[in-house]
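Heads up: the sequence shown begins at 6 in my numbering, then just goes up one per residue.
The C-beta atom is built at its ideal place from N, Cα and C for all residues, glycine as well.
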Amino acid sequence: MPATVDHVALGNAVLRVAAIAVRASRAGGYLFMVISGFIFTVIAGQRDVSYLGFMRNRIIRIYPLFVFAVFLQLFISTYNDQRNYGFLQLLGWLIPFRSDTVPLSPQFVQLWTIWVEFQFYLIFPFLLLFSRRFGGRYLWGLLLLLVVTRALVYAALGSVRYIAYETIFGRLDQFLVGMLVGRLWLAKEVASASGGQARVAHLSPLWLLGAAASLVMGLHLFSLNVGFSEMASTFWIIWPPIEAALWAAFLWTYLSAKWPGPLAWRHKVDQSLAALGAMSFSTYVMHNLVIGAYNGRLPLIPLEFLSFAGAGPVTQAILTGALVVLPLVLLVSVLTYRLIERPFLSLRAGYLRNPAPVETGLQTKL
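Here it is as structure tokens:
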């Protein structure tokens, strides 16, 4: 018998991971694409996915706040920047492909990642179906194809940075790695159920510390030796799956860690972090606008208030962001989540059907 996955508990755990990363950061985008592949795979389990039902839920999840931000940006561009955008620009933003005006939209320039994410949604049911039919080797094969494709682009054009960083030809690696980790998680559940063992966390939090240290070190080394502005580096050919693997290791160890402390305290911490994770999309969409508003009207925390040794401009900027700007971003996120996202989320319906006619052995094979 396949294991029964506690989707609510697992979903909250993943949301807590989401709350850890700042989605606005360059590296944080990779985490969310790994999480997307992971959580969709685990939630589907062995059940069939209704394509129309799945896409309906994705549109309800993404588009209400996305449309709000798109209309606001187009009106800002039209009336504040005198660009006089019209229907074609609106259409260019709403369809899941990169708009040619996004570089001119500093308040919402980060929305390009949503188009890539929606492209994942368009193909996920097929990826899930083929991975069940042909095993995990199908997903590994796609990863290889993506690496080969980037290598060919580099050989032909001398640069693959934009393809690797800003398109599905680099971002799909993260989604596929998330799916592979999801298959591993399901295999663990099946093994626990067949052995009659309850699902328990086996890893010490020290493992998470090691995974986090490896992640930070990997990102730091990449930044030192390549960096996001280095267009001609061949490392962009293989960097997407490498970073995805680092994030996947962090995700796995977080979900598998056994945390110390009283159960009631852990439960409250879980609830708080899950609430932040639930608002992460609002935080992502609105953060640049809030940061721009703060920078335009308010100063950094004065240095005289930072009397401890070594406080300088870098510390001043970090503390202003953490203690002042971030709470403001979260406050705006509460409003957009409660008034725009959550009402539409109540309209979602189930999209999973009967168990898929695939043997357990094939499903758990990587």
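Nearest-angstrom Cα distance between residue i and residue j?
i, j, result
"residue 128", "residue 319", "43 Å"
"residue 58", "residue 112", "32 Å"
"residue 277", "residue 196", "31 Å"
"residue 191", "residue 50", "7 Å"
"residue 171", "residue 102", "11 Å"
"residue 182", "residue 258", "15 Å"
"residue 233", "residue 270", "40 Å"
"residue 83", "residue 341", "23 Å"
"residue 352", "residue 222", "42 Å"
"residue 187", "residue 220", "20 Å"
"residue 216", "residue 44", "20 Å"
"residue 285", "residue 310", "31 Å"
"residue 63", "residue 46", "15 Å"
"residue 335", "residue 282", "11 Å"
"residue 93", "residue 61", "24 Å"
"residue 343", "residue 74", "15 Å"
"residue 363", "residue 357", "Because residue 363 carries a pLDDT of 40, less than 50, the predicted location of this residue cannot be relied on, and the following value inherits that uncertainty. Cα to Cα, the separation comes out at about 15 Å."
"residue 184", "residue 354", "23 Å"
"residue 359", "residue 303", "56 Å"
"residue 67", "residue 294", "18 Å"
"residue 280", "residue 274", "10 Å"
"residue 69", "residue 138", "35 Å"
"residue 287", "residue 347", "11 Å"
"residue 14", "residue 239", "Because the pLDDT at residue 14 is just 49, under 50, the model does not fix this residue reliably, and the value given afterwards should be weighed accordingly. Computed Cα separation, rounded: 41 Å."
"residue 205", "residue 212", "The pLDDT assigned to residue 205 is 49, lower than 50, so where the model puts this residue is not dependable; a value taken from the coordinates is nonetheless given after this. The straight-line gap from Cα to Cα measures roughly 16 Å."
"residue 118", "residue 176", "9 Å"
"residue 338", "residue 250", "30 Å"
"residue 141", "residue 81", "46 Å"
"residue 268", "residue 37", "28 Å"
"residue 100", "residue 148", "26 Å"
"residue 165", "residue 104", "20 Å"
"residue 323", "residue 229", "20 Å"
"residue 306", "residue 317", "11 Å"
"residue 272", "residue 266", "10 Å"
"residue 325", "residue 178", "35 Å"
"residue 98", "residue 35", "22 Å"
"residue 155", "residue 89", "37 Å"
Specify, as a first and last residue, the run of the beta strand (DSSP E) that residue i falls within.
i, result
"residue 54", "52–54"
Could you give the residue range of the alpha helix (DSSP H) that holds residue i?
i, result
"residue 335", "331–341"
"residue 233", "Careful: residue 233 lies outside any alpha helix (DSSP H) and carries neither H nor E."
"residue 130", "117–139"
"residue 318", "318–325"
"residue 241", "First-last for residue 241: undefined, no H or E at that position."
"residue 282", "268–283"
"residue 97", "92–99"
"residue 168", "166–171"
"residue 102", "Residue 102 -> no alpha helix (DSSP H), and no H or E assigned at all."
"residue 146", "142–162"
"residue 350", "347–350"
Among the options, which residue has its Cα nearest to the Cα of residue i?
i, options, result
"residue 329", "83, 217 and 292", "292"
"residue 225", "248, 239 and 66", "248"
"residue 86", "110, 68 and 74", "110"
"residue 227", "211, 212, 213 and 245", "245"
"residue 345", "146, 237, 71 and 357", "71"
"residue 208", "332, 261, 100 and 161", "261"
"residue 327", "290, 296, 184 and 118", "296"
"residue 331", "298, 147, 237 and 137", "298"
"residue 254", "322, 166, 218 and 237", "218"
"residue 77", "155, 290, 322 and 194", "290"
"residue 214", "161, 264, 322 and 36", "264"
"residue 189", "161, 272 and 256", "256"
"residue 52", "35, 116, 133 and 89", "133"
Pull the bridge partners of residue i from the DSSP assignment, please.
i, result
"residue 262", "208"
"residue 357", "54"
Thinking residue i and residue j are a contact (beta carbons under 8 Å), I'd like their distance in whole angstroms, please.
i, j, result
"residue 130", "residue 231", "Contact doesn't hold; Cβ gap of about 35 Å is too wide."
"residue 2", "residue 158", "Since the first and last residues shown for the chain are 6 and 371, residue 2 lies out of range."
"residue 65", "residue 349", "5 Å"
"residue 126", "residue 135", "Actually they do not touch by this definition, with Cβ atoms about 16 Å apart."
"residue 180", "residue 41", "6 Å"
"residue 107", "residue 114", "6 Å"
"residue 252", "residue 39", "5 Å"
"residue 321", "residue 308", "6 Å"
"residue 79", "residue 95", "6 Å"
"residue 146", "residue 237", "Not quite, the Cβ-Cβ distance comes to about 28 Å (not below 8 Å), so this is no contact."
Is residue i near the ligand NAP, judged by its Cβ being under 6 Å from some heavy atom?
i, result
"residue 210", "This structure does not include the ligand NAP; it has no bound ligands of any sort."
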